[in-house]
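Per our numbering, the very first residue in the sequence shown carries number 293; after that it's consecutive. To start, the structure itself, in structure tokens.
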Amino acid sequence: MNREAVPLIIGILVPVVLVALITLYVSGYDITEYLRKIDIIYYILVLPFGLGLMAAILWFRKPRD
Numbered sequence: 293m294n295r296e297a298v299p300l301i302i303g304i305l306v307p308v309v310l311v312a313l314i315t316l317y318v319s320g321y322d323i324t325e326y327l328r329k330i331d332i333i334y335y336i337l338v339l340p341f342g343l344g345l346m347a348a349i350l351w352f353r354k355p356r357d
């Protein structure tokens with residue numbers, strides 16, 4: 293995929309997803325209900341692992357001089 297296209301795709305998808313979530317919430321579907329059912333320990337364990345994985349991927353994709 294073109295490197296310049298990724299920010300454009302993200303810039304288009306983020307507002308669309310946010311508007312969709314707000315519309316679902318207003319119409320009666322509570323999306324956060326499923327997130328609240330997950331134990332807090334999983335958030336504590338997965339968040340640092342996910343951030344570290346993302347940092348490692350970005351580190352290895354960085355062009356070397």
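Just so it is clear, CB atoms sit at the ideal spot from N, CA and C, and this is done for glycine as well.
### Message
In the DSSP assignment, the alpha helix (DSSP H) including K329 goes from what residue to what residue?
### Response
For the purposes of this step, residue 329 is taken as the residue at position 37 of the sequence shown. Counting along the chain, the alpha helix (DSSP H) containing K329 begins and ends at 324-329.
### Query
Does DSSP classify P340 as helix, strand or coil?
Numbered from its first residue, the sequence shown carries residue 340 at position 48. In the structure shown, P340 sits in a helix (DSSP, three-state: H, G or I).
#### Entry: Same chain, Cβ closer than 6 Å to L300, five either side skipped, listed in chain order
Here residue 300 corresponds to residue number 8 of the sequence shown, with the count starting at 1. Correct list: empty, nothing qualifies.
### Message
Please report the straight-line C-alpha distance between I323 and G303, rounded to a whole angstrom.
### Response
Counting from 1 along the sequence shown, the entry for residue 323 is found at position 31. Counting from 1 along the sequence shown, the entry for residue 303 is found at position 11. Rounded to the nearest angstrom, the two C-alpha atoms are 22 Å apart.
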